[in-house]
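All remarks here apply to the structure that follows.
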Amino acid sequence: MLRLSLWALFLVLGMSLLASGAMPLTFAATHYATAVSPGNIWNLTAIVECSIYCPFRSIENVSGILLSVKDASSGLATLNETYTFRNETQPRVAVLQGDLNSGSGNLSSVLIAGALGAGDSIYNIATTDSQTFNPSINATVAQMYYGALREVNVVTLPHGPGDITETLIWDQISGAVVEVDLSDPAYGTGDSV
């Protein structure tokens with residue numbers, strides 16, 4: 001099985017963000033509210049282990065992705081996404097912005113509303129056609145992240161042509177992505193990012 005994993009939301013500030021109250025444990029009355037605060041930072045570590053076939057070579061030199069919240073209010077959020085590279089290329093920064101209520105913008109893979117659970121759509125919009133991206137959370141499960149058992153939301157989707165599937169896993173409390181897996185069972189070996 002070909003696997004692409006962006007592992008494991010190593011919070012740069014560690015679990016102290018939650019313990020210190022910097023990342024709220026309670027939510028506003030709005031069901032699709034932003035549950036992160038300006039200054040929250042987390043880092044995804046990229047691991048690429050390709051064997052014979054590797055459709056993910058474009059990210060092979062990525063060593064990590066640092067996500068930092070610049071602005072967050074109600075259902076709106078702005079993040080900086082900084083890619084660092086193994087080959088010492090200068091880091092690349094992109095700005096991610098979006099509305100967690102409607103799904104507009106480019107945040108869906110890295111941040112969704114906090115306090116969602118199994119069966120909830122990731123956005124608070126009606127899905128009227130097959131072109132609207134608004135999957136429901138498949139499951140809320142307990143998994144180990146940051147050395148602790150945490151509740152996480154899981155969505156599995158088909159990804160492009162062929163047998164490739166994408167599984168997105170977000171922390172249930174904050175809505176921050178903790179893992180992204182792409183897999184292609186047609187190629188039998190385990191490759192990960």
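If you use the numbering used here, the sequence shown corresponds to residues 1 to 193, in order. In this text, a Cβ means the ideal position worked out from N, Cα and C, and glycines have one as well.
Assuming residue i and residue j are in contact, meaning their beta carbons sit under 8 angstroms apart, how far apart are those beta carbons, in whole angstroms?
| i | j | result |
| --- | --- | --- |
| L79 | T34 | With 8 angstroms as the limit, L79 and T34 do not qualify as a contact, their Cβ atoms being about 11 angstroms apart. |
| I112 | W42 | Incorrect: roughly 14 angstroms between the Cβ atoms, too far for contact. |
| V69 | S37 | 6 angstroms |
Taking all protein chains shown into account, decide if residue i is buried (16 or more other Cβ within 10 angstroms of its Cβ) or exposed.
| i | result |
| --- | --- |
| R86 | exposed |
| G39 | exposed |
| E151 | exposed |
| S192 | Here the model assigns S192 a pLDDT of 43, short of 50, so the residue's position is not dependable and the matter cannot be decided. |
| L157 | exposed |
| S183 | buried |
| N106 | exposed |
| S194 | A question about residue 194 goes unanswered here, because the residues of the chain that appear run from 1 up to 193. |
| L149 | exposed |
| A72 | buried |
| V141 | exposed |
With distances taken between CB atoms, is the gap from residue i to residue j smaller than 8 angstroms?
| i | j | result |
| --- | --- | --- |
| A118 | N138 | yes |
| T82 | V95 | no |
| S102 | Y123 | yes |
Since residue i sits in a beta bridge, which residues does DSSP pair it with?
| i | result |
| --- | --- |
| S121 | S136 |
| V93 | T82 |
| G64 | T45, T84 |
| T165 | P158, S183 |
| Q143 | R150 |
| A72 | A77 |
| G105 | G98 |
Between the options, which lies nearest to residue i when the distance is taken from Cα to Cα?
| i | options | result |
| --- | --- | --- |
| L76 | L182, G175, P158 | G175 |
| G147 | D71, V178, I47 | V178 |
| V62 | T84, A72, F133, I41 | T84 |
| E88 | G64, L111, M144 | G64 |
| I164 | S73, N43, Q143, V180 | V180 |
| N153 | Q143, S108, Q172, G98 | Q172 |
| T45 | I125, E166, Y145 | Y145 |
| S121 | V155, E166, Q90, W42 | V155 |
| G199 | I47, Y32, N43 | Any question about residue 199 goes unanswered here, given that the chain covers just 1 to 193. |
| F58 | I47, S68, L66, L67 | Checking the displayed sequence, the identity of residue 58 turns out to be Ser instead of Phe. Selected option, being the one with the closest Cα: I47. |
| P91 | S74, K70, L66 | L66 |
Could you tell me if the beta carbon of residue i falls within a distance shorter than 7 angstroms of some heavy atom in the ligand COA?
| i | result |
| --- | --- |
| S183 | In the structure on display, the ligand COA does not appear, and there are no ligands present to speak of. |
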